[in-house]
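Remarks on the structure that follows.
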């Protein structure tokens, strides 16, 4: 374990994390390097093993957790979930980069693996991010400190969260969406999100099909607003099914529903179209859920194409990369709401990232997919009136309930 002297040395060096992030963001679109003090890698802790734990939440959702272990018996958690996927062999290549290395060498890992992640597909980015998350958990455990203390300290310990009801809504009718929105509000959530345009037909297909899908989606939104009343925020994710004219038309028709944001009506990589929509509507624009790295988010922020960006700690490059992304966003007056339709490990990793984020807005929570979900962690994942308390134990402050994970594996 790390000596008290080592812990003080490490923590004393951490204020540089924020300063480096600001400098890097101002000069080039690259995330902040993690500056760990010299000598920590020689203290004897080495990463020796990796375990992948798959938990099936529903028929359409599986959670992939990664657990790194060290030669002195510590373990660190990360998450690499991707919808229904139940295998991720890509993790092996990234584990090879940390095998027999100190968990403190986070920046070494990022430098060695980032190009492979950035140049690959979303699976590569997710595998890369999961290993980085688990390294942070190990470092926090070694030092006896919560991860948020390793990245500048907490500005808040209670985080507002919104309930994403989309995957829990199998009845894709106005009545089905309204019932789940009403229940999520009754559970205490003051903000709710859904994606009622999922399954939208191709825009170059029959006009009657596009019109019918448009009307159904709008009817679902109207039903949700009626169900939850005017005092609960309603967020709509379009999942990039629209083009610019349709996005603006639908947004204008939805003005009476007072959406708290309008998310990704077109792909966020199309910055010009995203900006054109933002300039043509009255709603707040959000997006960026699957982008990788600071370089993926910087154009949206620089061009003023969105009001809120949505990096996902599982896909954007990990905890350090998210810190750099948030810094770039702050330079351009953009808020950050981490994308997180994920398992409970990702929720807690995201919570530690949000605890010290000055331009944090709200955290996503995948509502009501599995009633046993919260008990996968110790301490259990719990929301009170839509608020999540950030764990203050070492690392991410959580351990996995292996018996329950096996039961649903």
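In our numbering, the protein residues as written are 10 to 418.
All C-beta atoms in this analysis are idealised placements derived from N, C-alpha and C, irrespective of residue type, glycine included.
If you draw a straight line from the C-alpha of residue i to the C-alpha of residue j, how long is it?
{"i": "residue 374", "j": "residue 260", "result": "24 angstroms"}
{"i": "residue 321", "j": "residue 254", "result": "28 angstroms"}
{"i": "residue 198", "j": "residue 80", "result": "42 angstroms"}
{"i": "residue 297", "j": "residue 141", "result": "20 angstroms"}
{"i": "residue 355", "j": "residue 323", "result": "7 angstroms"}
{"i": "residue 121", "j": "residue 309", "result": "27 angstroms"}
{"i": "residue 352", "j": "residue 410", "result": "13 angstroms"}
{"i": "residue 423", "j": "residue 343", "result": "Nothing about residue 423 can be reported from this structure: the residues present for the chain run from 10 to 418 only."}
{"i": "residue 396", "j": "residue 390", "result": "11 angstroms"}
{"i": "residue 56", "j": "residue 304", "result": "30 angstroms"}
{"i": "residue 414", "j": "residue 73", "result": "10 angstroms"}
{"i": "residue 299", "j": "residue 371", "result": "17 angstroms"}
{"i": "residue 147", "j": "residue 387", "result": "16 angstroms"}
{"i": "residue 172", "j": "residue 331", "result": "22 angstroms"}
{"i": "residue 279", "j": "residue 174", "result": "27 angstroms"}
{"i": "residue 457", "j": "residue 224", "result": "In the structure as shown, the chain begins at 10 and stops at 418. Residue 457 is therefore absent and cannot be evaluated."}
{"i": "residue 50", "j": "residue 86", "result": "Since pLDDT at residue 50 reaches only 47, below the 50 mark, its modelled position is unreliable, and the value read off the structure follows with that caveat. Cα to Cα, the separation comes out at about 20 angstroms."}
{"i": "residue 83", "j": "residue 365", "result": "25 angstroms"}
{"i": "residue 359", "j": "residue 181", "result": "29 angstroms"}
{"i": "residue 92", "j": "residue 70", "result": "5 angstroms"}
{"i": "residue 78", "j": "residue 295", "result": "37 angstroms"}
{"i": "residue 268", "j": "residue 241", "result": "10 angstroms"}
{"i": "residue 275", "j": "residue 227", "result": "17 angstroms"}
{"i": "residue 113", "j": "residue 216", "result": "57 angstroms"}
{"i": "residue 401", "j": "residue 328", "result": "17 angstroms"}
{"i": "residue 189", "j": "residue 151", "result": "42 angstroms"}
{"i": "residue 281", "j": "residue 157", "result": "35 angstroms"}
{"i": "residue 350", "j": "residue 177", "result": "11 angstroms"}
{"i": "residue 380", "j": "residue 192", "result": "14 angstroms"}
{"i": "residue 185", "j": "residue 392", "result": "23 angstroms"}
{"i": "residue 139", "j": "residue 75", "result": "7 angstroms"}
{"i": "residue 159", "j": "residue 119", "result": "17 angstroms"}
{"i": "residue 362", "j": "residue 383", "result": "20 angstroms"}
{"i": "residue 129", "j": "residue 283", "result": "24 angstroms"}
{"i": "residue 65", "j": "residue 412", "result": "14 angstroms"}
{"i": "residue 399", "j": "residue 153", "result": "16 angstroms"}
{"i": "residue 196", "j": "residue 243", "result": "15 angstroms"}
{"i": "residue 385", "j": "residue 334", "result": "29 angstroms"}
Can you tell me whether residue i is buried or exposed, with buried defined as 16 or more other CB within 10 angstroms of its CB?
{"i": "residue 88", "result": "buried"}
{"i": "residue 145", "result": "buried"}
{"i": "residue 239", "result": "exposed"}
{"i": "residue 212", "result": "exposed"}
{"i": "residue 179", "result": "exposed"}
{"i": "residue 47", "result": "Low per-residue confidence applies at residue 47: pLDDT is 42, beneath 50, and the placement is therefore not dependable, though the value from the model is reported in the following sentence. Its Cβ having fewer than 16 others within 10 Å, residue 47 is exposed."}
{"i": "residue 265", "result": "exposed"}
{"i": "residue 292", "result": "buried"}
{"i": "residue 164", "result": "exposed"}
{"i": "residue 220", "result": "exposed"}
{"i": "residue 149", "result": "buried"}
{"i": "residue 302", "result": "buried"}
{"i": "residue 214", "result": "exposed"}
{"i": "residue 143", "result": "buried"}
{"i": "residue 58", "result": "exposed"}
Measuring alpha carbon to alpha carbon, tell me which of the options ends up nearest residue i.
{"i": "residue 123", "options": "325, 235, 356", "result": "325"}
{"i": "residue 262", "options": "181, 231, 288", "result": "231"}
{"i": "residue 339", "options": "349, 300, 367, 328", "result": "367"}
{"i": "residue 67", "options": "400, 147, 376, 392", "result": "376"}
{"i": "residue 317", "options": "329, 330, 327, 337", "result": "337"}
{"i": "residue 341", "options": "359, 383, 307", "result": "307"}
{"i": "residue 115", "options": "137, 186, 345, 383", "result": "137"}
{"i": "residue 90", "options": "361, 112, 348, 401", "result": "348"}
{"i": "residue 345", "options": "128, 161, 159, 270", "result": "270"}
{"i": "residue 256", "options": "243, 53, 272", "result": "272"}
{"i": "residue 95", "options": "277, 62, 106, 104", "result": "62"}
{"i": "residue 277", "options": "319, 245, 258", "result": "319"}
{"i": "residue 406", "options": "369, 357, 335, 385", "result": "357"}
{"i": "residue 54", "options": "110, 155, 229, 117", "result": "110"}
For chain D, is any of its Cβ atoms less than 9 angstroms away from the one on residue i?
{"i": "residue 93", "result": "In the displayed structure, chain D is absent; only one protein chain is listed."}
Inset, instruction - Would you list, in sequence order, the uninterrupted beta strand (DSSP E) runs of no fewer than 3 residues that lie entirely inside the segment 114-186? - result: 167-173
Inset, instruction - Evaluate the contact criterion for the segment 117-137 versus the segment 83-101: three or more CB pairs, one atom per stretch, below 8 angstroms. - result: Flag = yes, the segment 117-137 and the segment 83-101 touch.
Legend entry - Residue ranges of each beta strand (DSSP E) within the segment 255-338, 3 or longer: 270-272, 294-296
Legend entry - Any 3 or more C-beta pairs closer than 8 angstroms across the segment 241-252 and the segment 205-218: yes
Inset, instruction - Report yes or no: do the segment 281-289 and the segment 310-320 share at least 3 C-beta pairs separated by less than 8 angstroms? - result: yes
Legend entry - Unbroken stretches of the alpha helix (DSSP H), 4 residues or longer, contained in the segment 59-98: none
Legend entry - Inter-stretch contact at 8 angstroms, needing at least 3 Cβ pairs: the segment 219-236 / the segment 187-202: Short answer: they touch.
Inset, instruction - At 4 residues or longer, and completely inside the segment 346-383: list those alpha helix (DSSP H) runs for me, N to C. - result: Counting whole runs of 4 or more residues, the segment 346-383 contains the alpha helix (DSSP H) stretches 353-364.
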